[in-house]
Structures are given as C-alpha cells and as structure tokens.
Amino acid sequence: MKEDKLYIGCSSYATPSWKTLFYPDGLPKKEWFDYYSRHFNTYEYNGTFYRFPTVQGLLSWHDKVPDDFRFSVKVPRTITHLKRLERCEDEIEEFYLVSSEGFKNKLACILWQLPPGFSYSKDRLKSVVRVMNPGFKNVVEFRHESWWREDVMAELSKNEITFCNVSYPQLPAAIRQTTSIGYIRMHGVPKLFYSEYSREDVEAVYREVKEAGFGEAYIYFNNTASTAGIINALQLRAISHQKDK
4 MKEDKLYIGC SSYATPSWKT LFYPDGLPKK EWFDYYSRHF NTYEYNGTFY
54 RFPTVQGLLS WHDKVPDDFR FSVKVPRTIT HLKRLERCED EIEEFYLVSS
104 EGFKNKLACI LWQLPPGFSY SKDRLKSVVR VMNPGFKNVV EFRHESWWRE
154 DVMAELSKNE ITFCNVSYPQ LPAAIRQTTS IGYIRMHGVP KLFYSEYSRE
204 DVEAVYREVK EAGFGEAYIY FNNTASTAGI INALQLRAIS HQKDK
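Residue numbers (this note's numbering): 4 to 248.
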C-alpha cells in the first residue's frame, strides 16, 4: 500500500490538553483545525452524529483543507440509535446528499456506528445492507461481539460494505477485511477514549494494516479525551514515514 493511500487522523481535534504538546502556544483556537490539516491527511467528522449537517456547514470544512485531504463522516444517531435503521429512508437519502454536496471530492467514508445493544440477527443484517447506498464508501461499526461471524463478513463483502475494525474494550481486535478499504478506529483500551497505546501497539496496527493489503486504509484515533489521541496519531504518522521510505 502506497503511503498516499494510508490516511491517518483523529476523531476530534480541539482537546485543550493538546495545546503546547501539538498546537503551538499563541495559536488561536480558531486556527487549530487549519494547523491539524497541515499535519494529517484525514479527519473523522463526528459532529454529524449529534446534529444533522447542512451543505453550507460541510462546505466550510471542505474549503479549509488541502486538495488531498479526506473527511469521513458519521451517520446521525437519529438514524442509527433512535430509529435503528427503520423507517428513515428519507433521512438517509438526505444525509448522503448533504455529505456528497458538502464534502465533494474530499468525502471519504460514511461511518455507520451502531449501538452496543444492536446484536446480530439475520433481519438486522438485512437492514444494514438494505439502507446503504452502494455508490458510497460505507463502513459499519458494530459494538456487539455477536457480529463477528463469517456469514456477516461474507454478506458485507458481497455488498461492498467495509467492516470497521476497532480497538474497543472487550471486542475482538484482529483486523478483518470485507472490501479493498481498511477502516480502523482506536477508541482507547482499557479506558475508553482516554488510554494511550504503546508505540509497540501502534506499530502492530500499522503492520497488520499493511499485511492485509488494503487498496486504501483509514486509521483514526478516538482516544481524544486526553493527550493520548494526538500522541498516538503522531507516532503512527512517524512510523509510516519511516517504513515507507
């Protein structure tokens, strides 16, 4: 996998404790994302999970970043958590439309994060496949261990849906591949959103992703409630630069 097909970033950028450690002293907070986008090539935009986006809002993000920068965007919780994929076809269609018109050529993946109580069933698997527009790079993140099944992987692969690999307390961590896209979310273990990974852990993730042979891969650090996320993202970026020379 070429270095330009490996996208490394975080799931948040405005953590106050990153000041001095990453953001220079004296840099206004309104300029933090500009600074972030000069050091990383992707960002996982989670704001849409809590508030349905507008085209104009996403365009403002699109216009801030370099041409080779990519955004992944999370589906609103009203769709995934409240309605649980049922009777929300109009909202889904609108979300796809807004995401594509807002992020344009810089749109990477559409992330469907499903709730921990959303356990496997054949009907639920059918719902997952049914609601997704195959014209987009769809990624599904399960948070119930019952989904780690070979028939689920086969069905996702058949429908070109990327399985989201996670580092998450008490969920399997081995890299699984269902499409040519790799998508990895590092949430923090053992303390969710806080724990820092060792350099050896980060190197192991890099090695596993490379060995999987993805055409392109996105690795996001979501352990951003502390300094852990930016430290690990910088470590991975350094490792990728060193290994890909």
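Positions of the beta carbon are idealized from the N, C-alpha and C atoms, including for glycine.
Check                                                                                                            : Outcome
Residue of R210, Y46, F25 and E199 minimising C-alpha distance to Y223                                           : Y46
The segment 107-122 / the segment 61-79 touching (three or more Cβ pairs under 8 Å)                              : yes
Proximal residues to A176 (C-beta, below 6 Å), its chain only, five neighbours per side dropped                  : S170
Reference Y99, options V132, P56, R90 and K32, closest by Cα                                                     : P56
Span of the beta strand (DSSP E) around K107                                                                     : It is not in any beta strand (DSSP E) - K107 carries neither H nor E in the DSSP assignment.
Coil, strand or helix - W151 by DSSP                                                                             : coil
Contact the segment 200-215 vs the segment 122-131: 3+ CB pairs below 8 Å                                        : no
Touch test, the segment 128-148 against the segment 83-102, Cβ-Cβ under 8 Å, three pairs minimum                 : yes
Beta-ladder partner(s) of G12, from DSSP                                                                         : T45 and Y223
Among M156, D70 and K140, the one whose alpha carbon lies nearest that of S40                                    : D70
Inter-residue spacing [alpha-carbon to alpha-carbon] between F121 and R146                                       : 8 Å
Runs of beta strand (DSSP E) lying entirely within the segment 167-233, each at least 3 residues, in chain order : 168-170, 184-189 and 219-224
C-alpha gap between T23 and G60, whole angstroms                                                                 : 29 Å
Bridge partner(s) assigned by DSSP for Y26                                                                       : K22
Anticipated Cβ contact below 8 Å, F217 with I164, distance rounded                                               : F217 to I164, Cβ: 15 Å. No contact.
Top-ranked residue by Cα proximity to T81, from V58, G105 and T51                                                : T51
Inter-residue spacing [alpha-carbon to alpha-carbon] between I95 and D37                                         : 30 Å
Rounded straight-line distance, which links the Cα of V101 to that of V142                                       : 17 Å
Test item: CB-CB of R188 and C167 under 8 Å                                                                      : yes
Pair within 8 Å by beta-carbon distance, I234 and E199                                                           : yes
Burial state of L195, where buried means 16 or more other Cβ atoms lie within 10 Å                               : exposed
S160 beta carbon less than 8 Å from that of Y197                                                                 : no
Anticipated Cβ contact below 8 Å, K107 with H65, distance rounded                                                : 6 Å
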